[in-house]
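S.K.: This structure is in structure tokens; I'll ask about it shortly.
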Amino acid sequence: MEELTNKTILEIENLHVHFVSKVETVKAINGLDLVVHKGKTLGLVGETGAGKTTTALAVLNMVAKPQGKVIAGKITLDGEDILSKTEDQMESIRGNTVSMIFQDPMTSLNPVMTVGDQIAEVLQIHKKLSKADAAREAKKMLETVGIPGTRSGEYPHQFSGGMKQRVLIALGLACTPKLLIADEPTTALDVTIQAQVLELMKDLKNQMDMSMLMITHDLGIVAEVCDDVAVMYAGTIIESGTLEDIFDRKRHPYTEGLFNSLPDVSRRGQSLKPIGGQMPNPADLPQGCAFHPRCEYATEKCSREEPPMHRFSETHCAKCWLYEHTDECMLVSKDYDPSQGVQE
Ligand code: SF4
7 MEELTNKTIL EIENLHVHFV SKVETVKAIN GLDLVVHKGK TLGLVGETGA GKTTTALAVL
67 NMVAKPQGKV IAGKITLDGE DILSKTEDQM ESIRGNTVSM IFQDPMTSLN PVMTVGDQIA
127 EVLQIHKKLS KADAAREAKK MLETVGIPGT RSGEYPHQFS GGMKQRVLIA LGLACTPKLL
187 IADEPTTALD VTIQAQVLEL MKDLKNQMDM SMLMITHDLG IVAEVCDDVA VMYAGTIIES
247 GTLEDIFDRK RHPYTEGLFN SLPDVSRRGQ SLKPIGGQMP NPADLPQGCA FHPRCEYATE
307 KCSREEPPMH RFSETHCAKC WLYEHTDECM LVSKDYDPSQ GVQE
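Quick note, in the working numbering, the sequence shown goes up one by one and the last residue is 350.
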């Protein structure tokens with residue numbers, strides 16, 4: 007465990023987060039395990055409502071109280087037990103050790119403050135810089151993300167969408183955090199600008215020797231920037247592995263469904279196959295495997311008992327009953343022909 011901790015920046019173990027109201031209990035996170043390795047980018051993938059953003063907020067110890075409650079679990083960030091920290095201690099951890107880039111620059115930037123002042127404020131709070139030093143650093147940060155420092159006196163509305171996203175990246179990176187969490191950072195951007203922003207994030211991550219948790223529903227972005235991938239469904243990880251494990255050797259029917267719903271030149275002429283049905287209501291999760299109402303491989307057992315995590319290799323595992331009696335890797339596919347052996 008000690009050896010693992012030396013290599014990881016973030017470890018989440020058996021996390022459960024509920025939102026409790028008078029009428030219902032929303033089970034947003036249900037036994038989530040996740041590891042981000044030092045210097046690597048982990049893609050956290052899944053449809054809207056899977057619990058991706060709640061996971062990120064839990065890492066920042068910012069699950070909305072009083073309704074939101076961490077019911078169980080442990081979050082270790084850079085060796086620190088996050089859930090035992092006071093709000094004052096978290097203030098220093100946020101920004102210095104971890105920071106987050108949100109998806110919508112319009113709601114994340116203060117419209118009545120210049121972008122330079124917003125970055126400088128972060129530096130004054132977290133790095134305790136003087137006003138003059140913080141202003142100088144803010145200009146440098148803007149230049150790092152490709153915005154001339156001379157524009158630091160301008161307001162958010164004076165920037166284009168792509169430029170505003172760059173300002174958010176500058177804000178997120180201002181204190182050179184060890185872990186950057188990016189929540190759908192390019193969703194609001196057109197494809198060309200999206201590619202530029204992703205390239206910029208990749209470069210800066212390498213320059214600053216950071217780790218990154220990239221939250222996205224877009225497998226194209228995962229292929230572009232991630233080293234490892236965790237696929238999330240109904241508040242838990244249902245498959246995880248390296249980029250190659252997930253793209254070339256996917257095992258879970260949900261992961262397979264995500265890929266089948268994407269256009270693929272190798273399947274030119276075939277129609278796309280979106281996953282039928284919807285993510286279950288977290289206030290009323292199905293018994294057994296939460297994916298069973300949508301799964302074409304579901305058996306009676308799947309509707310009764312939650313599947314265990316099956317490990318295929320040191321890096322690759324999937325939570326599915328299909329592998330109950332399997333010692334080796336097998337493709338999850340109805341087209342799988344055992345006489346052909348394992349297809350890798
Ligand atoms: Fe489908 Fe059953 Fe596997 Fe769940 S456990 S993904 S329902 S086959």
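Ideal Cβ placement from N, Cα and C applies to all residues, glycine included. All figures in this text were calculated on a predicted structure; none of them were measured in a lab.
In whole angstroms, what is the alpha-carbon distance linking Gln130 and Thr103?
M.R.: For the purposes of this step, residue 130 is taken as the residue at position 124 of the sequence shown. For the purposes of this step, residue 103 is taken as the residue at position 97 of the sequence shown. If you take the alpha carbons of Gln130 and Thr103, they lie about 16 Å apart.
S.K.: Do you know offhand how far Arg134's Cα is from Val121's?
M.R.: The sequence position of residue 134 within the sequence shown is 128, counting from 1. The sequence position of residue 121 within the sequence shown is 115, counting from 1. Checking the displayed sequence, the identity of residue 134 turns out to be Lys instead of Arg. Computed Cα separation, rounded: 19 Å.
S.K.: Which residue comes first and which comes last in the beta strand (DSSP E) that contains Ala296?
M.R.: As a position in the sequence shown, residue 296 is number 290, starting the count at 1. Neither: Ala296 is in no beta strand (DSSP E) and is coded neither H nor E.
S.K.: When you get a sec, list the residues whose CB is within less than 7 Å of any heavy atom of ligand 1, chain order please.
M.R.: Those residues, listed in chain order, are His258, Pro259, Tyr260, Cys295, Phe297, His298, Cys301, Tyr303, Ala304, Thr305, Cys308, Pro313, Cys326, Trp327 and Leu328.
S.K.: Using a Cβ-Cβ cutoff of less than 7 Å, which residues in the same chain neighbour Ser158 once the five nearest sequence positions on both sides are dropped?
M.R.: As a first step, residue 158 is located in the sequence shown; it is residue number 152 there, counting from the start. Correct list, in chain order: Thr120, Val121, Gly122, Ala144, Lys145 and Leu148.
S.K.: Could you tell me whether the Cβ atoms of Pro117 and Pro162 are closer together than 8 Å?
M.R.: Residue 117 sits at position 111 when you count from the first residue of the sequence shown. Residue 162 sits at position 156 when you count from the first residue of the sequence shown. Cβ distance < 8 Å, so Pro117 and Pro162 count as in contact.
S.K.: Alpha carbon to alpha carbon, how far is Glu230 from Asp139?
M.R.: Numbered from 1 along the sequence shown, position 224 holds the residue referred to as residue 230. Numbered from 1 along the sequence shown, position 133 holds the residue referred to as residue 139. The straight-line gap from Cα to Cα measures roughly 36 Å.
S.K.: Once you ignore the five residues that flank Asn266 on each side, which residues in its own chain have a CB closer than 6 Å to its CB?
M.R.: Residue 266 sits at position 260 when you count from the first residue of the sequence shown. Result list for Asn266: Lys279, in chain order.
S.K.: Below 8 Å on the Cβ atoms is my contact criterion, and I expect Ser373 with His298 to pass it. Report the Cβ-Cβ distance as a whole number of Å.
M.R.: Residue coverage of the chain in this structure runs from 7 to 350, which leaves residue 373 outside it and unanswerable.
S.K.: In the structure shown, what three-state DSSP assignment does Val231 receive?
M.R.: As a first step, residue 231 must be located in the sequence shown, where it is residue number 225. Correct three-state label for Val231: helix.
S.K.: Which residue or residues does DSSP assign as beta-bridge partners of Val23?
M.R.: Within the sequence shown, residue 23 is the residue found at index 17, counting from 1. According to DSSP, Val23 bridges with Ile35 and Val76.
S.K.: Taking only three categories from DSSP, how would you classify Tyr260?
M.R.: Your numbering for residue 260 matches position 254 in the sequence shown. Helix at Tyr260.
S.K.: List the whole-angstrom C-beta distance separating Leu16 from Leu185, where the pair is believed to meet the contact cut-off of C-beta under 8 Å.
M.R.: Numbered from 1 along the sequence shown, position 10 holds the residue referred to as residue 16. Numbered from 1 along the sequence shown, position 179 holds the residue referred to as residue 185. Contact holds; Cβ gap of about 6 Å.
S.K.: From which residue to which residue does the alpha helix (DSSP H) around Ser98 run?
M.R.: As a first step, residue 98 must be located in the sequence shown, where it is residue number 92. Per DSSP, Ser98 belongs to the alpha helix (DSSP H) from Glu93 to Asn102.
S.K.: Quick one: what does DSSP say Thr82 is sitting in, helix, strand or coil?
M.R.: Position 76 of the sequence shown, counted from the start, is the residue given in the question as residue 82. If DSSP states are grouped into helix, strand and coil, Thr82 belongs with the strands.
S.K.: For Gly152, which residues from the same chain have a beta carbon less than 7 Å from its beta carbon, with the 5 sequence-adjacent residues on both sides left out?
M.R.: Taking the sequence shown and counting its residues from 1, the one referred to as residue 152 is at position 146. Excluding positions up to five away in sequence, the list reads Arg172 and Leu206.
S.K.: Which first and last residues belong to the beta strand (DSSP E) in which Cys323 is found?
M.R.: For the purposes of this step, residue 323 is taken as the residue at position 317 of the sequence shown. Where Cys323 is concerned, the enclosing beta strand (DSSP E) stretches over Cys323 to Lys325.
S.K.: Roughly how many whole angstroms lie between the Cα atoms of Ala62 and Ile187?
M.R.: As a first step, residue 62 must be located in the sequence shown, where it is residue number 56. As a first step, residue 187 must be located in the sequence shown, where it is residue number 181. Taking the straight line joining both Cα atoms gives about 7 Å.
S.K.: So Asp123 is in the alpha helix (DSSP H); what residue range does that whole segment cover?
M.R.: Within the sequence shown, residue 123 is the residue found at index 117, counting from 1. Counting along the chain, the alpha helix (DSSP H) containing Asp123 begins and ends at Val121 to Lys133.
S.K.: Could you check whether the region 279-295 touches the region 32-52, counting it as contact only if at least three pairs of C-beta atoms, one from each stretch, sit closer than 8 Å?
M.R.: As far as the Cβ criterion goes, the region 279-295 touches the region 32-52, which means the pair count is three or higher.
S.K.: Using the three-state DSSP reduction, which class does His316 fall into: helix, strand or coil?
M.R.: Mapped onto the sequence shown, residue 316 falls at position 310. Strand.
S.K.: Assuming Val51 and Thr222 are in contact, meaning their beta carbons sit under 8 Å apart, how far apart are those beta carbons, in whole angstroms?
M.R.: Residue numbering aside, residue 51 sits at position 45 when the sequence shown is read from its first letter. Residue numbering aside, residue 222 sits at position 216 when the sequence shown is read from its first letter. Indeed, because the Cβ distance is near 6 Å, the residues count as touching under 8 Å.
S.K.: Name the residue from His258, Ile281 and Met285 whose alpha carbon lies nearest to the alpha carbon of Leu328.
M.R.: Within the sequence shown, residue 328 is the residue found at index 322, counting from 1. Among His258, Ile281 and Met285, the Cα nearest to that of Leu328 is on His258.
S.K.: Going by CA-CA distance only, name the one from Asn67, Pro72 and Lys13 that's closest to Ser90.
M.R.: The count along the sequence shown starts at 1 and reaches residue 90 at position 84. Checking every option, the nearest Cα to that of Ser90 belongs to Asn67.
S.K.: Assuming Met220 and Cys232 are in contact, meaning their beta carbons sit under 8 Å apart, how far apart are those beta carbons, in whole angstroms?
M.R.: Locating residue 220 in the sequence shown gives position 214, where the first residue counts as 1. Locating residue 232 in the sequence shown gives position 226, where the first residue counts as 1. About 6 Å separates the two Cβ atoms, so the contact holds.
S.K.: Using only the alpha-carbon positions, how far apart do Met218 and Thr47 sit?
M.R.: Along the sequence shown, one-based indexing puts residue 218 at 212. Along the sequence shown, one-based indexing puts residue 47 at 41. Answer to the nearest angstrom: the Cα atoms are 4 Å apart.
S.K.: Assuming Ala180 is part of the beta strand (DSSP E), what are its boundary residues?
M.R.: Taking the first residue of the sequence shown as position 1, residue 180 is located at position 174. Taken as a continuous stretch (DSSP letters only), Ala180 belongs to no beta strand (DSSP E), as it is neither H nor E.
S.K.: Spell out whether any CB of chain C is found under 8 Å from the CB atom of Lys33.
M.R.: The structure shown contains no chain C; it holds only a single protein chain.
S.K.: Among the candidates Ala201, Gly226 and Asp84, whose CA atom is the shortest distance from the CA of Pro183?
M.R.: By 1-based counting over the sequence shown, the position of residue 183 is 177. Minimum Cα distance to Pro183 is reached at Asp84.
S.K.: Output the boundary residues of the alpha helix (DSSP H) element that contains Met214.
M.R.: What you label residue 214 is simply residue 208 of the sequence shown in a count that begins at 1. Taken as a continuous stretch (DSSP letters only), the alpha helix (DSSP H) holding Met214 covers Val197 to Met214.
S.K.: Looking at His22 and Ala78, is the spacing between their C-beta atoms short of 8 Å?
M.R.: Residue mapping note: residue 78 aligns to position 72 of the sequence shown, counting from 1. Residue mapping note: residue 22 aligns to position 16 of the sequence shown, counting from 1. Taking 8 Å as the Cβ cut-off, Ala78 and His22 qualify as a contacting pair.
S.K.: Is DSSP giving Val29 helix, strand or coil here?
M.R.: Translated into the one-based positions of the sequence shown, residue 29 becomes position 23. If DSSP states are grouped into helix, strand and coil, Val29 belongs with coil.
S.K.: Under DSSP, the alpha helix (DSSP H) around Leu50 begins and ends at which residues?
M.R.: For the purposes of this step, residue 50 is taken as residue 44 along the sequence shown, with counting starting at 1. From DSSP, Leu50 is part of no alpha helix (DSSP H) but of the beta strand (DSSP E) over Thr47 to Val51.
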